[in-house]
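Q: One line per chain: the protein sequences are X and W, in this order.
For the first sequence, the working numbering begins at 66 and goes up steadily by one.
For the second sequence, the working numbering begins at 503 and goes up steadily by one.
Just so it is clear, CB atoms sit at the ideal spot from N, CA and C, and this is done for glycine as well.
If you're wondering where the values come from, they're calculated on a predicted model, not measured in any experiment.
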Amino acid sequence: MKRVAAAVAAVLCLLAGGCTDPGPTPAADGDIVLATGSDLSSTGVRRELIRAWERRTGKHVRIVKLPDTADAQRSQLLAAGQSGNGGYDVLNIDVAWTAEFAAAGIIRPWGRELSGDFLASVKKTTTTGSDGTVWAVPFNTDAGLLYYRSDLLAKYGYDGPPDTWEQLRTWSQKIMAEENAHRPADEKLYGMVAQLRPYEGLTVNTLESVWASGGDPERTAHLAGALQQGVYALKERLRTIMPQEATAMDETASRQWFAEGRALFMRNWPVEYASVAEKLAPGRQFDVAQLPAGSPEGRHRTVLGGQNLAVAADAAHPAEARSLITALTSARSERCLLQRGFAATRASAYDGTAPACDLPPEDARREEDDGARHGAAPAGQDPPYTDLLHRALDDAAPRPRSAHYATYSKVVQLYVSAYLTGKDDASIADELAEEATKALSGRGERGG
Amino acid sequence: MPLYDARGKQNRALLIGVSSYQDPRLPDLDAVFANPDELGRVLCAPATDLFLPQEVTPLRPKTPEELTAALRTAAHEARGLLLVYFSGHGRVRRDGGDLHLLVETSRVAQDKPRVASYEAVSWVKDVLPRLERSRADRVVVVLECCFAGNADDSFRTDDKPVSLLMAAQPNRRIFSGTEPGGGTTFTRAVLDILEHGIEGKECVTFEDLAGELRRRLADHTTPQGGAWVPRASKRNTVDDVVVSFATREARPRTPFVVRARRWWRSRPRRRLQLLSAAAALALVATALVVTDRLRPPGDCPPAQELRLLTAPEAEPTLRAAALAYEMSDLNTAPVPGEDDVPDGCRRTQITVYSAAKDQVAQGFAAADRWRGEAEGEDEAPEGGAGGEAVEPLYRPGPQPDLWVPESTVDHLQVRQGMAAHAPVTLHRVGPVAYTPLVVGVPETRGLSDVEQAGSSWHEILDDAADRKLRLLRPSPVLSGVGLMHTIGLYLADDGTPVALDGGAPRTGVAERAENRLRAPGSQYAGSAELLCSLRPGAASAGAVSRATAAPLVTEKSLTDANLGHAVGNCPALATVPEKEDRYEAYYPSGVPGLDHPLIRVAWKGAADAARRRAASDRFADWLRRPDGGQKVITRAGYRGVNAKGAAAPAPTDSPLRDSRAGVLPDIGVEPYTAGRQRVSQVLAAYDSAHRPGQLLFLLDTSTSMADGGRISVAADAVGRALEVLGPKDTYGLWTYPRAGTAARDRERPVERVRAGSTDPAAGREVLDRLQRDDGGLVDQGAWMQEALTAALDRLRDGPAERTKAVVLVLDEDDGAGKRSAAAREALSDALAAHPRIPVVVLAAGKGGCDAAPVRHVVEGSGGNCVAGGPGAADTLAGLVASFGTGGQEAGR
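#1: Could you tell me the alpha carbon to alpha carbon distance between T317(X) and Q260(X), rounded to whole angstroms?
#2: Kindly say whether N1071(W), judged by its beta-carbon, lies nearer than 7 Å to any beta-carbon of chain X.
#3: Along chain W, in chain order, which residues have C-beta atoms closer than 9 Å to that of K130(X)?
#4: So H382(X) contacts chain W; which residues on that side make the cut at Cβ distance below 8 Å?
#5: Output yes if chain W places a C-beta closer than 7 Å to the C-beta of K475(X); else output no.
#6: Where do the N-terminal and C-terminal ends of the beta strand (DSSP E) with V664(W) fall, by residue?
#7: Using a Cβ-Cβ cutoff of less than 6 Å, which residues in the same chain neighbour V623(W) once the five nearest sequence positions on both sides are dropped?
#8: Starting from the C-beta of V1165(W), find all residues in its chain whose C-beta is less than 6 Å away, skip the five residues before and the five after it, and write them out in chain order.
#9: Counting only Cβ pairs nearer than 8 Å, list the residues of chain W close to K503(X).
#10: When you compare the CB of Y153(X) with every CB in chain C, is at least one pair closer than 7 Å?
#11: Hey, could you find the ends of the beta strand (DSSP E) G519(W) is sitting in?
#12: Which ranges does the beta strand (DSSP E) cover as unbroken runs of at least 3 residues, wholly within the segment 205–258 of chain X, from first to last along the chain?
#13: Please return the same chain residues whose Cβ sits closer than 7 Å to the Cβ of S533(X), not counting the five positions on each side in sequence.
#14: State the beta-bridge partners of Q404(X) as determined by DSSP.
#15: Run down chain W in chain order and give the residues with a C-beta less than 7 Å from the C-beta of Y297(X).
#16: What's the C-alpha gap between G51(X) and S215(X)?
#17: Taking T1136(W) and G1130(W) to be in contact with their CB atoms under 8 Å, please state how far apart those CB atoms are, rounded to whole angstroms.
#18: For D654(W), collect the residues of the same chain with a Cβ closer than 8 Å to its Cβ; drop the 5 residues on either side in sequence, then sort them by chain order.
#19: Would DSSP call L971(W) helix, strand or coil?
#20: Residues of chain W with a CB under 7 Å from the CB of H247(X): which are they?
#21: State the beta-bridge partners of C1351(W) as determined by DSSP.
#22: Around the C-beta of F1121(W), are 16 or more other C-beta atoms found within 10 angstroms, so that it is buried, or is it exposed?
#23: Using the beta-carbon of each residue, which ones in chain W are nearer than 9 Å to T312(X)?
#24: Name the chain W residues whose beta carbon is nearer than 9 Å to that of Q404(X)?
#25: Nearest CA to the CA of S278(X): which residue from L299(X), A161(X), Y264(X)?
#26: Using DSSP with H/G/I as helix, E/B as strand and the rest coil, what is C705(W)?
#27: Across the segment 469–484 of chain X and the segment 378–396 of chain X, are there enough close Cβ pairs to call them in contact, namely three or more that are closer than 8 Å?
#28: By the three-class DSSP mapping on this structure, what secondary structure does L156(X) have?
#29: Within the same chain, show all residues whose beta-carbon is closer than 7 Å to that of A501(X), passing over the 5 residues directly before and after it, in chain order.
#30: Alpha carbon to alpha carbon, what distance is there between V692(W) and F588(W)?
#31: Mapping the DSSP letters down to three states, classify E751(W) as helix, strand or coil.
#32: Please confirm if K1146(W) has its CB atom under 7 Å from at least one CB of chain X.
#33: Quick check on the burial criterion: 16 or more other C-beta atoms within 10 angstroms. Buried or exposed for L497(X)?
#34: Mind the definition here: the segment 187–194 of chain X touches the segment 815–828 of chain W only if three or more C-beta pairs lie below 8 Å; say whether that holds.
#35: Going along the segment 1139–1172 of chain W in order, which residues come within less than 8 Å of chain X, judged by CB to CB distance?
#36: Does DSSP put V1368(W) in a helix, a strand or coil?
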């Protein structure tokens, strides 16, 4: 694989007009150019970490604001890279794109191995899965959590979150029946909300359901059995305990629904914790747990999210780019990220052995004020879900690491979305398994 | 329960029967002898309609190896259904475990409690692993032997979907050895069910078969006496598998696809000839193309990424079409200009994304900046005070390789706005999808004096006025649908087609139309969003009553709404809406429809330009072909394109043909061909038919706005709204609270941009500053009531001839409890004073549009509310555009 990637890189170099030419517009001004989605451009802890590096080194980082959807970010970075047009030094990329960007020769290998105490599951996202070469460094990660209304569960005699998806469904049905008996129609309580709109979120929810049904995250092809049960379980939940609107929900829309008190459970990322805490009406309580397992002895699997930082293949400032990435992903930086609401990628951020976050107080003040306001994390302390998040990350697994992941995800979205909204119950598992396997192979005919 | 139908797939049936045994302790089973052949006959019978003769293997194994080898072969060859049947002796250990299937040479292990038998086939060690490794989609196993029911205990597969039928419950013998020849009781029942079907069923599924067997064997006893109950079990599957298509009912013909596949499978020699011919051709071709042809096929490199930009409403359809192309065989054919891609690899991948019409135009107008951002060039100084506002890479998004606007008019507008030496060229390929423009009239309020087709806009407007229908149009600024509807209203008022030499709109026509449509706050970012807001149960604060709303939309989106498909952000409904919630489509005469022309976009300086062009052209060609993308496009409810590029009739499987769609699929649709001049005339008439707007933006800048990047979202939405102001519109930008400790200070908003300003740059500069480090956010509670009252008072003092509105952006409740009753009363008075000034609220915070203070403001002023979230910026812009002249010609 590495040879192929190198060959591809060489080809791209040739296409770009020779590797001696660093690109059409070498950034002569000496700025380090970092391309990223809009969430890094203005405020926030990741921006502060970049500023801290600027102060230390006297260099300047210029941030290019990419489109605000992940699909469009990937499309532009990939296409521009293939056209030989990238004038960037550092790319902040979704973990799911790492293998493709490596194979396309758009990012440089980082090294033979990744030193440091990065979490084992997170480390996997930096390789292509076929050999050990590391292509990027984990910046922030993410794990799906189960949000639940602890007040309602307690009211009906459950003293903790459900352990299995089956429990989640039966508890939901019971509580829905009781609650809705005396609620007006427009305040109906649903059992669960999740991200089932046809976008990347649907792929994530599908994979989690498939893994809970016995699917093996390391095996990506020919998963017909688990796939079939996974999508069936998803549809079963949609049919019995979720609002039809869930088929149009993304992270924000599902969070709004849950925060309005209209669902008992929600699958979402930890980043929504503060929002829910702030917006849920007084008197209502919620908590978070690991996602349920498929069976009492099963693992609580979730899909790994987050971003990796990589050096662009035609970076004009590769040394500075490495220095910036190293600083942004240091144990101290990861500690800052955790305290400010992100999922850190290093174990030391969770177990307290990392050096304390040293962002200057004047930069940190506002965010810490906010933290205090919505009770997520008072200054210098960890968010309340920290231990849980650490456990969830240990049980998390990356999406298929393939140069053809994007097509795979589109295939999953198309089939599963049609299945979920269709009245017809015909089994899609075999065709989906076949098409998804074909998509991952990069080939046009049925993959071996 | 979902059904698995194996017809036409590569299936295998291994039918094992062992009737004679060498070990004298095992009685021969004469009855078994006939089982394999009989079952084979039934499985291939036309009535059963499942297996082809060459797919069925009867087997009477002497040795275990013979059985396992045949099993391995069948498992390896099957791709669809693998059926494994065993009839003969079975043995278990004393504890009932470790079921073995006995073949001719097998011996019973007596006095060995831990061993079931010798020279036999283990269910767990020999059979299950081979099934697990099979490449079949589904496996069905039938065990007819003593202790068959004991198979369930150890029945495990990791992933393979397997269904297991056991002739009896655990720990039962089912043979005495004295049964007469000619088939066993159990198998005879199986044969009868498979061959003749079950009363009242259209086919026989695995579950049906098990149920029917239990029914038929209910009055039988096993040789030891006691009930005989066949058992069924399955692993890794929730489906039910069809095991026979025999039925006692009227039977549908075998689908053509199945017959075609069988024809192909059942002619091995013909197939061999065809395959060899194809292989020879492929070899020659490979030899010609590839130089190092002996190399094994390599991993596929990532395909070349194409970026396809379109309008929000066309995005889902084009996304589905693009994926169909990606996965098609055509996409594995070499593309000119590519470099050594292994055979069979996909060449192209396509990302489809969308943006509002005015943003696309702004992007192309600033094409050099678009490319500059993509190359990391340092263009404008950071935070460029009053400088270039446009960040094309952020919005509209990626640099497109392909662009599908809603109509030719959008293309004309973009071309007009592009700089002479732009680093990009546009190449029009031709239309890919048509849809006529329609007015949706609630089914229960059908117009009386006009026909659904053939009436002019003039007549429709009159009749709609009589019936007090409220016409709603998507924004002509943001949406190609809105613009084309405006062209139709102005230029085809009397029903004559819009022609090149028609001249400017007739006097009074624009005024009359806009009088019916102008209602400030009634515009939407697009036709899907408009219809979504009219969905039964849709929560849209300040929305018009659904019963009297008549949306100006496309035939395609009205069909989606009527059939309960997903529209915009509204999910698909579980059922088709009731008649009173549907619309009838009226087709104003002479109005051009949307033609969705495909434009290839070539960026200067791309190193892979030749390949990019070839890949784009091939996709464009496929998209326009009836056997290619047109299938996806017409199935989505668009009219297709014929060989000449004109609209094709809707095919029979089009949703337009569903009578509940409320449309007339045979009405023709013509593209706009009247040139750029007439578009400009329409826009000028639109401008002068509108009173210029006077807006006041009022932003909450308390520190809570920093939470979750809300200030960015708010500044983004306000910046977006500034883009749609026309040259005659004015605005002001105020923030609150004011820094300072005295209550007196806090009551007065900060006038960052004076009301009555026209230059949007000043506003952008303020927004930029708010988003930067210090932010200028004020760490104090926000006193909304006082600030809004001041804003309303200021607007009311302004020139009377302007359309006025306040745009209030706030994040959470204002701590209403702490505010004096006097402040609330003052606000109520200001809201109610005449003439009323609508307040449009962007509610970024807790409770969204439902928060009490928000409702107070919206209801008190007759305004609207937009909840923060995806698409909020465009929705707000659509509303803002309806208060002004719309900025159509601004800056062009």
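A: Taking the structure as given:
#1: If I take the Cα positions, the gap works out to 9 Å.
#2: Yes, N1071(W) counts as interfacial toward chain X.
#3: Those are E875, E893, L895, Y896, listed as they occur along chain W.
#4: At a C-beta separation below 8 Å, H382(X) has no neighbours in chain W, since its nearest C-beta there lies roughly 11 Å away.
#5: So yes, K475(X) belongs to the interface.
#6: From DSSP, the beta strand (DSSP E) with V664(W) extends over 664–668.
#7: Residues P566, L569, L603 of the same chain have their beta carbon placed closer than 6 Å to that of V623(W), with the five preceding and five following residues left out of the count.
#8: Only E1057, T1061, A1087, L1158 meet the Cβ criterion.
#9: By Cβ distance, chain W contributes M829.
#10: The chain inventory of the structure shown lacks chain C, comprising the protein chains X and W.
#11: From DSSP, the beta strand (DSSP E) with G519(W) extends over 514–519.
#12: DSSP runs (the beta strand (DSSP E)) wholly in the segment 205–258 of chain X: 210–213, 255–258.
#13: No statement about residue 533(X) is possible, as the shown extent of chain X runs from 66 to 513 and does not include it.
#14: In DSSP, Q404(X) forms no bridge with anything.
#15: What Y297(X) touches in chain W: V740.
#16: Because chain X here runs from 66 to 513, residue 51(X) falls outside it and cannot be looked at.
#17: So it is not a contact: roughly 12 Å between Cβ atoms.
#18: Only L666, M668, P672, R733, S735 meet the Cβ criterion.
#19: Secondary structure of L971(W) (DSSP, three-state): coil.
#20: Neighbours of H247(X) on chain W: none; closest Cβ ~21 Å, over 7 Å.
#21: DSSP output for C1351(W) lists no bridge partner at all.
#22: Counting Cβ neighbours within 10 Å, F1121(W) comes out buried, since at least 16 surround it.
#23: What T312(X) touches in chain W: A1068, P1073, A1074.
#24: Proximity of chain W to Q404(X) at the Cβ level (cut-off 9 Å) is not reached, the minimal Cβ distance being about 16 Å.
#25: Among L299(X), A161(X), Y264(X), the Cα nearest to that of S278(X) belongs to L299(X).
#26: Assigned with DSSP and collapsed to three states, C705(W) falls in coil, not helix or strand.
#27: Segments in contact, no.
#28: Under the three-state reduction of DSSP output, L156(X) falls in the strand class.
#29: Only Y473, V476, V477 meet the Cβ criterion.
#30: One C-alpha to the other measures close to 13 Å.
#31: Residue state, collapsed to three classes: coil.
#32: Not closer than 7 Å to any Cβ of chain X, the Cβ of K1146(W) fails to qualify, so no.
#33: Per the 10 Å Cβ criterion, buried.
#34: Contact fails: fewer than three Cβ-Cβ distances are below 8 Å.
#35: Taking 8 Å as the Cβ-Cβ cut-off against chain X, none of the residues of the segment 1139–1172 of chain W qualify.
#36: Correct three-state label for V1368(W): strand.
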